[in-house]
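Each protein sequence line maps, in turn, to chains A and B. Mapping the first sequence onto this note's numbering, position 165 (from 1) lands on 203, and the numbers just tick up by one. Mapping the second sequence onto this note's numbering, position 245 (from 1) lands on 248, and the numbers just tick up by one. Note that the Cβ used here is the ideal one computed from N, Cα and C, for glycine as well. Values in this document were obtained by computation on a predicted structure and should not be read as measured data. Data block below; observations after.
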Amino acid sequence: MTPLLVTKGLTRRFGGLKAVDGVDFTLMPGEIRAVIGPNGAGKTTFVSMVCGRILPTSGMILFDGADITDMPPHRRVRLGIAYTFQITSVFPNLSVYDNVALPVQRTATVGQGVRASVMAALEKVGLAGRAAMQAGQLAYGHQRLLEVAMGLALKPRLLILDEPTQGLSDAEIENFVTLVRTVAEEATVLLIEHNMPLVMRLADRITVFDAGRVLAEGTPEQVRADAAVQAAYLGTGAGEAA
Amino acid sequence: MSGEDRHAKIYGLHLAVLAVLFGLSFVLPAYYHGLMARILVLAAFAMGYNILFGYAGLLSLGHAMFFAAGMYGAGLSIAHFGLGVPLAFLSGLACGALLSLVIGLLALRTSGVAFMIVTMMFAQVLALSLIYFAGWTGGDQGLVIPQPARILTLGGAAFDLTDPTVRYMAALALFAVALAVTLALVRSRHGRVLVAIRENEERTKMLGYDTFANKLAAVVVSGTVSAAAGAAFALLFGYVGANFAGVQYSILPLLWVLLGGAATTLGPLLGTLVMYVVTDTASSFTSAWLLIVGVVLILLVLFFPKGILGTLRARWLGWLP
């Protein structure tokens, strides 16, 4: 099976800082993959290069076997890479409906099904009742969900979620877990997340970043047991870990 | 509000405005009749400007060049090639479309303040070139298009564009087309994308839109509508002059749009109209009329920061397009 996403030696420098340093990464179709790591480990820079918002200093990105290293972001989106922003980036002055209509209308045929597809995407995240509201007036957690709905509306093959649960209540997080599992039936999910219990429950595999490099990779159990991860990320010496 | 209801309201309002403007032709006294024809043409210019500034959020300080491209494209083709009215008008449109495509390709490499300055510089280049090539363009003096060259023959019937009623109706026709173009554009998918670019360009890219191509299309539509107004101005008022390419005519459409309400379909008309009425009234009783115009503008900005229609829409009439 062709991996959906492969990066080879992917590197990004900001001045003297190597934010991402020679990352080799492979993602199989249908996976839910979590990317974890301390702040500043290069997670967001890494996914930003995958979706094209930041160009790599060196290295290569393959999507479904094709080289997309130099492709502009809007064309990557058309190939099926959707990115939801870490810092909520909805259109605050447009209605919730219009926010989702934008990604829908690009692929829908004229007059057909735009409304139905928009409402379906809003239904999935539980915002259908707020379609007419201005997006900027939504509560923060709801804006995060709107962000996800916009990603879903792109009908992506790879959905990149950058800290999607930041600012969500516990109940909202529960809904979110269900949502991601539904999404994963049709798409591959790449998730940056700090909420460890959530990651352990949701992810098929976890990649741990530290200082721009991949520190470890494996199933949640393997990662939990990994001494290096415990040292770098969980902040405990390997010996103390019970 | 249901979609049907909103459609009916929107089309009803726009048709009513056109009907009132049509009716005005028969009741306005001669002086105001001529002034109104001028306002309608300039409002079409403002609508062209509004497409780029109001909806796509790109502030150009060089739109006089598109107005002038239409004006000179029409005027010079009559003066030098003896073209008839329809071909001269089309020549003006073509000049505007071509110029806006080239300027768009170059200026859209920048954004924000740089975009303002780059468009302004290009407009200055055109304005100075028009004066420099005086042998062709008439330089400072401009060119007068004689009355016989301003008779439009369509299917055997002759319309003399120097006749006040014909001129008014031609101006109204231009205005109606520009209004229809704006309305169709802003209610289209492309219009929605333009608003999205204005609100958050980065996000729009990440929804799979080629924002450069969309902005370029907006520049070309905006420039071509502005050129249509310029060409009509030359044909209806018989004069082609370099002052219309000057920086003043780049600032004026911005003022008209801000006054009437950016990103509203009818704001440009209202802004142009109010500005002319205030200027006209003030200058009839004092030589310090610019002072009064200035005070009115300041008051409007203070109390109607979104322009007249923009404020009405924000407070009461949410359905306005």
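Using the beta-carbon count (16 or more within 10 Å), is residue i buried or exposed?
i        : result
B/Trp259 : buried
B/Asn53  : buried
B/Leu113 : The question names Leu, but residue 113 of chain B in the sequence shown is Thr. Exposed, by the Cβ-count rule.
B/Met39  : buried
A/Ser86  : buried
B/Ser103 : buried
B/Ser290 : exposed
B/Ser191 : exposed
B/His66  : buried
B/Gln251 : exposed
A/Arg113 : exposed
A/Arg239 : exposed
B/Gly95  : buried
A/Gln260 : exposed
Tell me whether residue i sits in a helix, a strand or coil according to DSSP, three-state version.
i        : result
B/Trp322 : coil
A/Gly98  : Per the sequence shown, the amino acid found at residue 98 of chain A is Met instead of Gly. It is a strand residue.
A/Phe123 : coil
B/Glu7   : helix
A/Thr257 : coil
A/Thr83  : helix
B/Tyr242 : strand
B/Ile120 : helix
A/Thr40  : coil
B/Leu177 : helix
A/Ile92  : coil
A/Ser207 : coil
A/Lys56  : strand
A/Phe63  : strand
A/Ser133 : strand
A/Thr145 : helix
B/Phe136 : coil
A/Glu278 : Low confidence applies here, because A/Glu278 scores a pLDDT of 41, under 50, leaving its location unreliable; read the following figure in that light. In the structure shown, A/Glu278 sits in coil (DSSP, three-state: anything other than H, G, I, E or B).
A/Gly47  : strand
B/Arg112 : coil
A/Ile106 : coil
A/Ala72  : strand
B/Asp143 : helix
Starting from residue i, find everything on chain A with Cβ-Cβ shorter than 7 Å and list it in chain order.
i        : result
B/Lys12  : The premise fails here: B/Lys12 is roughly 17 Å from chain A at the closest Cβ pair, so nothing lies under 7 Å.
B/Asn203 : Ser127 and Phe129
B/Ala333 : With chain B covering only 4 through 324, there is no way to say anything about residue 333 of chain B.
B/Ala265 : Ordered by position in chain A, no residue passes the 7 Å Cβ test against B/Ala265, which lies about 13 Å from the chain.
Which residue from the options puts its Cα closest to that of residue i?
i        : options                                   : result
B/Tyr34  : B/Tyr171, B/Arg153 and B/Ala71            : B/Tyr171
B/His83  : B/Val147, B/Tyr58 and B/Thr282            : B/Val147
A/Arg182 : A/Phe84, A/Arg219, A/Val237 and A/Ile211  : A/Ile211
B/Val198 : B/Gly26, B/Ala71, B/Ala265 and B/His66    : B/Ala265
B/Leu262 : B/Ala230, B/Phe307 and B/Val280           : B/Phe307
B/Met50  : B/Leu186, B/Val304, B/Leu293 and B/Ala291 : B/Leu186
A/Ala62  : A/Ile74, A/Leu55, A/Leu48 and A/Gly53     : It should be noted that the sequence gives Asp, not Ala, for residue 62 of chain A. The candidate whose alpha carbon is nearest that of A/Asp62 is A/Leu48.
B/Arg206 : A/Phe123, A/Gly75 and A/Glu69             : A/Phe123
A/Met98  : A/Arg50, A/Phe129, A/Val252 and A/Ser133  : A/Arg50
A/Thr126 : A/Ala154, A/Leu184, A/Val115 and A/Glu231 : A/Leu184
A/Glu231 : A/Gly78, A/Ala139 and A/Pro202            : A/Pro202
B/Ile120 : B/Ile254, B/Leu303, B/Val280 and B/Lys309 : B/Ile254
A/Phe101 : A/Pro111, A/Leu42 and A/Glu69             : A/Leu42
B/Pro89  : B/Leu111, B/Ile154, B/Tyr242 and B/Gly60  : B/Ile154
Can you pull the chain B residues whose beta carbon is under 9 Å from the beta carbon of residue i, in chain order?
i        : result
A/Tyr178 : Neighbours of A/Tyr178 on chain B: none; closest Cβ ~17 Å, over 9 Å.
A/Arg144 : Arg192, Val196, Leu210, Gly211 and Tyr212
A/Ala139 : Arg192 and Arg195
A/Tyr121 : Met209
A/Met234 : Per Cβ cutoff of 9 Å: no residues; A/Met234 is ~28 Å from chain B at best.
Can you name the residues of chain B whose CB is closer than 7 Å to the CB of residue i?
i        : result
A/Pro30  : Here chain A has residues from 39 to 280 only, and residue 30 of chain A is not among them.
A/Leu308 : Lying outside 39 to 280, the shown extent of chain A, residue 308 of chain A is not represented and no answer is given.
A/Met87  : Within chain B, no residue comes near A/Met87; the closest Cβ sits about 14 Å away, beyond 7 Å.
A/Val115 : Met209, Leu210 and Gly211
A/Asp136 : Arg195
A/Leu65  : By Cβ distance, chain B contributes nothing, its closest Cβ being about 19 Å from A/Leu65, past 7 Å.
A/Met98  : Here the premise fails: no neighbours, minimum Cβ distance about 22 Å.
What in chain A is Cβ-close to residue i, meaning under 9 Å?
i        : result
B/Ala221 : Chain A residues near B/Ala221: none, gap ~16 Å exceeds 9 Å.
B/Ala33  : Those do not exist, as B/Ala33 stays about 45 Å from chain A at its closest Cβ, beyond 9 Å.
Using a Cβ cut-off of 8 Å, pull out every chain B residue sitting near residue i, in sequence order please.
i        : result
A/Leu192 : Leu210 and Gly211
A/Leu132 : Val198, Ala199 and Glu202
**Request:** May I have a chain-ordered list of the alpha helix (DSSP H) segments no shorter than 4 residues that lie completely inside the region 23-75 of chain B?
**Result:** Whole alpha helix (DSSP H) segments, 4+ residues: 33-53.
**Message:** To test your reading of the DSSP string, which unbroken beta strand (DSSP E) runs of 3 or more residues are found completely within the region 284-308 of chain B?
**Reply:** Complete beta strand (DSSP E) runs here, min 3: none at all.
**Message:** List, from N- to C-terminal side, the alpha helix (DSSP H) runs of 4 residues or more that fit wholly inside the region 147-230 of chain B.
**Reply:** Qualifying alpha helix (DSSP H) stretches, in chain order: 167-189, 192-202 and 204-208.
**Message:** What ranges does the alpha helix (DSSP H) occupy inside the region 149-181 of chain A, keeping only unbroken runs of at least 4 residues that lie completely in it?
**Reply:** The qualifying runs are 152-163.
**Request:** Only counting runs of 3 or more residues, tell me where the beta strand (DSSP E) segments fall wholly within the region 204-248 of chain A, in order along the chain.
**Result:** Secondary structure in the region 204-248 of chain A: the beta strand (DSSP E) runs of 3 residues or longer, each lying completely within the stretch, are 226-230 and 243-248 in chain order.
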